[in-house]
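Residue numbering for the sequence shown follows our numbering, starting at 5 and increasing by one per position.
Positions of the beta carbon are idealized from the N, C-alpha and C atoms, including for glycine.
Below is one structure, written out as structure tokens; comments come after it.
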Amino acid sequence: MKEVVVSGIRSTGNLHLGNYYGALSKFVKMQEDYDCLFFIADLHALTTHPDPKLLHSNVKDILAEYLASGIDPEKATIFVQSDVPEIPELYLLLNMHVGIGELMRTASFKDKARKQLGIKTDATKDDDDIERQIIGTDSNKRVNAGLLTYPTLMAVDILIQKANKVPVGKDQEQHLELTRRFARRFNSFYGVDLFPEPTNFNFGDHAVKVPGLDGSGKMGKSEGNCIYLVDDEKTLRKKVMRAVTDQGPAEPNQPISQPVQNLLTLMELTSAPEVVEHYRNAYADCSIRYGDMKKQLAEDILKVTTPIRERYLDIRNDDAFISRVVKAGAEKARERAAKTLAEVRQIMGITKFY
Ligand code: ADP
Ligand code: TRP
């Protein structure tokens with residue numbers, strides 16, 4: 005039997021190159037060899053993006069982007085999280101075995117709670133401050149409970165399908181660790197062997213981190229430093245040409261600065277190896293011209309994104325196709341989820357009297 009793979013992306017806006025190399029491109033490869041379920045995490049999106057109109061169109065955008073990037077509904081199950089009501093039910097049940105302390109210590113919770121409370125992210129002494137503010141009484145400033153229990157919901161997405169492999173970026177490792185812990189805890193509390201302990205999956209030996217164009221950390225929706233898969237040619241070129249670099253190397257063989265290394269990392273993902281080599285050497289011998297390098301990079305990124313964008317524009321307008329895909333996907337995902345939920349109810353002693 006093939007191993008089961010589950011992964012999802014929150015519907016919080018269009019997908020960017022970070023999502024593509026960190027998640028989507030792995031999905032496309034994995035569908036060939038595994039029993040794959042890929043979904044849109046719209047319930048998770050509600051923890052930070054509650055606008056109903058936006059949520060609906062974001063779900064459709066990501067569905068179209070999944071399909072345009074090559075996820076094939078004949079090979080993988082594609083569905084929307086909220087189409088599977090067994091997920092919120094298991095989420096309630098599993099929460100009975102999850103500690104609020106372990107949820108509050110999760111890095112992504114602290115990060116997002118800080119944002120919701122309007123606390124700046126730099127100071128380390130903030131941890132106490134967050135806790136005080138969370139249980140404080142100022143009702144204008146609250147951290148929603150959905151954000152706290154985000155890891156339970158994610159664990160349920162994975163465990164309800166009894167997944168073995170979960171392809172996600174490095175930033176999701178801690179959530180996966182919690183998922184394994186919850187699975188172990190459930191199995192041992194009830195003396196059963198119900199949930200497998202899932203692991204991350206990468207082709208090669210480490211998770212990729214796609215950098216942004218602003219010279220600093222990773223490409224991310226909230227960072228405002230993204231190249232979107234559906235950016236048109238003009239927009240994309242403009243973004244790349246404006247990417248942060250440095251003053252140019254002052255002497256031969258000096259270490260490569262972070263902003264330039266970021267561009268090289270993007271090149272490693274999209275350009276031919278000899279192109280990357282050429283610009284590395286040009287940096288080393290001080291002959292590098294950033295204008296040329298960026299033009300080349302924009303060209304190579306466009307080679308990846310243009311076919312995706314063209315397919316996306318077609319699919320986004322094909323309501324009948326999108327509906328067909330998610331309806332069939334929901335049926336398959338529900339059938340499996342219902343089986344696991346029935347087992348859990350039985351194990352926990354929730355059985356009917358009639
Ligand atoms: P964002 O950080 O833009 O909000 P998400 O958190 O929705 O993106 O991430 C969806 C998936 O894409 C996750 O598996 C995440 O690890 C991956 N991902 C997001 N940004 C990057 C990046 N810059 N590099 C590698 N993977 C990424
Ligand atoms: N938390 C993930 C993210 O922000 C999205 C997600 C929700 C997910 N449920 C999942 C990823 C289950 C993998 C498996 O990217």
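Contact defined as beta carbons within less than 8 Å: I believe residue i pairs with residue j. What is the distance between those atoms, to the nearest angstrom?
i      : j      : result
Thr309 : Leu240 : 7 Å
Asn266 : Ala288 : The pair is not a contact, with the Cβ atoms about 17 Å apart (cut-off 8 Å).
Arg184 : Pro202 : 7 Å
Ala167 : Val10  : 4 Å
Please classify residue i as buried or exposed, where buried requires at least 16 neighbouring CB atoms within 10 angstroms.
i      : result
Asp115 : exposed
Val196 : exposed
Leu317 : exposed
Ile354 : exposed
Phe207 : exposed
Tyr358 : exposed
Leu313 : Reading the sequence as shown, one finds Arg at residue 313 and not Leu. Buried: at least 16 other Cβ atoms inside 10 Å.
Asp37  : exposed
Provide the residue span of the alpha helix (DSSP H) that contains residue i, from first to last.
i      : result
Thr16  : Looking at the DSSP string, Thr16 is not in any alpha helix (DSSP H), and its letter there is neither H nor E.
Phe357 : Neither: Phe357 is in no alpha helix (DSSP H) and is coded neither H nor E.
Ala45  : Where Ala45 is concerned, there is no enclosing alpha helix (DSSP H), although the beta strand (DSSP E) it sits in stretches over 39-45.
Asn285 : 277-288
Ala261 : Note that residue 261 corresponds to Ser in the displayed sequence, not to Ala. Ser261 -> no alpha helix (DSSP H), and no H or E assigned at all.
Leu50  : Leu50 -> no alpha helix (DSSP H), and no H or E assigned at all.
Lys124 : Element bounds for Lys124: n/a, residue is neither H nor E.
Glu36  : Run containing Glu36: none; DSSP gives neither H nor E here.
Considering residue i, what are the terminal residues of the beta strand (DSSP E) in which it resides?
i     : result
Val84 : 81-84
Excluding sequence positions up to five away, which residues of its chain have a Cβ less than 6 Å from the Cβ of residue i?
i      : result
Thr344 : Ile164
Tyr25  : Val212, Val214, Leu273
Ala80  : Gln35, Cys40, Phe42
Considering only residues of the same chain and omitting the five flanking positions on each side of residue i, which have a CB-CB separation below 7 Å?
i      : result
Val160 : Ile91, Leu94, Tyr95, Leu98
Tyr294 : Thr249
Ile134 : Lys114, Ala117, Arg118, Leu121, Ile123
With a CB to CB cut of under 8 Å and the five nearest residues on each side skipped, what residues in its chain are close to residue i?
i      : result
Ser86  : Asp46, Leu47
Thr140 : Note that residue 140 is Gly in the sequence shown here, rather than Thr. There are no such residues.
Leu59  : Ser15, Asp46, Ala49, Leu50, His53
Ala334 : Phe83, Val84, Asp87, Val88
Ile351 : Tyr194, Val196, Leu198
Val330 : Leu67, Ile82, Phe83, Val84, Asp87
> Quick one: complete beta strand (DSSP E) runs, 3+ long, within the stretch 166-232?
Replying inline: none
> Where are the beta strand (DSSP E) runs, 3 residues long or more, that stay fully inside the stretch 70-113, in chain order?
Replying inline: For the stretch 70-113, the continuous beta strand (DSSP E) assignments of 3+ residues that do not extend past its boundaries occur at 81-84, in sequence order.
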